[in-house]
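Visitor:
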């Protein structure tokens, strides 16, 4: 059973009780189970709410289609850029230990360039997409000017990018509220897998496999 099903009755993870978290934790083997449980307990009050952002289910669906290489038109590129930015801002406000900015303009430009040069699709394209953003100037103290990201902060940046990639690679939810929960679940799962997640972004093949395997848990 996917983790989302075990947590279907939870409105926000910041308010989740031990009894609510336990069924989801039991779906995972140790030591991942304990690390996932700890990550869920550490959630603060929700950050930038997707439900209050100028995005909707159509844009999220379009972004997911773009992220797997299934759509490459201008509207899908724009949707993917805006959804990635709002997901980043949501996680930045309460889920990760850094406060680096992201430029939607640079993200959109990188996505457009990648789609015109990358022939893969599916998880392979998604891995290439987020690895490209990782090495670009889209994220930093002053995006497009200077990254200014320390070694410790780079781990948090990598975890956030991996969480957004896993979220977009997973099966879509029915509502914005459920999509928000799915994004938070993705962050908790990636953080529980931190030792592995920190290494997989060094290799396209490893990250492709990671996205395939990890998104299936959601």
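In my numbering, the protein residues as written are -3 to 214. All residues carry an ideal CB built from backbone N, CA and C; glycine is no exception.
Measuring CB to CB, does residue 84 end up less than 8 Å from residue 98?
Guide: yes
Visitor: Are residue 73 and residue 62 closer than 8 Å when you measure CB to CB?
Guide: Closer than 8 Å, so yes.
Visitor: Tell me the rounded alpha-carbon separation between residue 156 and residue 170.
Guide: 23 Å
Visitor: If you check the beta carbons only, do residue 145 and residue 96 fall under 8 Å apart?
Guide: yes
Visitor: Using the C-alpha atoms, what's the distance from residue 75 back to residue 176?
Guide: 17 Å
Visitor: Which full runs of the alpha helix (DSSP H) of 4+ residues lie inside the stretch 44 to 107, going along the chain?
Guide: If only uninterrupted alpha helix (DSSP H) runs of at least 4 residues are considered, those enclosed by the stretch 44 to 107 are 53 to 63, 70 to 90.
Visitor: Between the alpha carbons of residue 198 and residue 153, how many angstroms are there, rounded?
Guide: 13 Å
Visitor: Using three-state DSSP, classify residue 196 as helix, strand or coil.
Guide: Secondary structure at residue 196: helix, using DSSP grouped into helix, strand and coil.
Visitor: Counting only beta-carbon atoms, is residue 119 nearer than 8 Å to chain B?
Guide: The structure shown contains no chain B; it is built from a single protein chain.
Visitor: Taking its Cβ as the centre, do 16 or more other Cβ atoms sit within 10 Å of residue 183, making it buried, or is it exposed?
Guide: buried
Visitor: Please tell me whether residue 64 and residue 148 are closer than 8 Å, where the distance is taken between their beta carbons.
Guide: no
Visitor: In the stretch 105 to 135, which residue ranges form an unbroken beta strand (DSSP E) of at least 3 residues, counting only runs that do not cross its ends?
Guide: none
Visitor: State the start and end residues of the unbroken alpha helix (DSSP H) segment that holds residue 189.
Guide: No alpha helix (DSSP H) contains residue 189, which DSSP labels as neither H nor E.
Visitor: Does the beta-carbon distance from residue 200 to residue 127 come in below 8 Å?
Guide: Their beta carbons are under 8 Å apart, which means residue 200 touches residue 127 by this criterion.
Visitor: Between residue 165 and residue 203, which are expected to be in contact by the criterion C-beta below 8 Å, what is the C-beta distance as a whole number of angstroms?
Guide: Not really, about 11 Å apart at Cβ, beyond 8 Å.
Visitor: May I ask which residues mark the beginning and end of the alpha helix (DSSP H) holding residue 169?
Guide: Unbroken run through residue 169: none, as it is neither H nor E.
Visitor: Is the CB-CB distance between residue 106 and residue 123 below 8 Å?
Guide: No, they are not a contact pair.
Visitor: Run the CB neighbour count on residue 210, radius 10 Å, all protein chains shown included, and call it buried at 16 or more, exposed below.
Guide: Result: buried.
Visitor: Could you tell me which of 110, 161, 130, 111 sits nearest to residue 79, measuring between CA atoms?
Guide: 161
Visitor: Only counting the same chain, and skipping five residues up and downstream in sequence, which positions put a Cβ closer than 7 Å to that of residue 207?
Guide: Excluding sequence neighbours, residue 207 sits near 119, 122, 123, 161, 162, 165.
Visitor: Roughly how far, in whole angstroms, is the beta-carbon of residue 185 from the beta-carbon of residue 213, given that I think they are within contact range, below 8 Å?
Guide: Going by Cβ atoms, the distance from residue 185 to residue 213 rounds to 6 Å, so yes, they are a contact pair.
Visitor: In terms of alpha-carbon separation, which member of 142, 140, 130 lies closest to residue 151?
Guide: Nearest to residue 151 by C-alpha distance, out of 142, 140, 130, is 130.
Visitor: Just how far apart, CA to CA, sit residue 40 and residue 108?
Guide: Because the pLDDT of residue 40 is 48, which lies under 50, any placement of that residue in the model is unreliable, and the number read from its coordinates should be weighed accordingly. Their backbone Cα atoms lie some 35 Å apart in a straight line.
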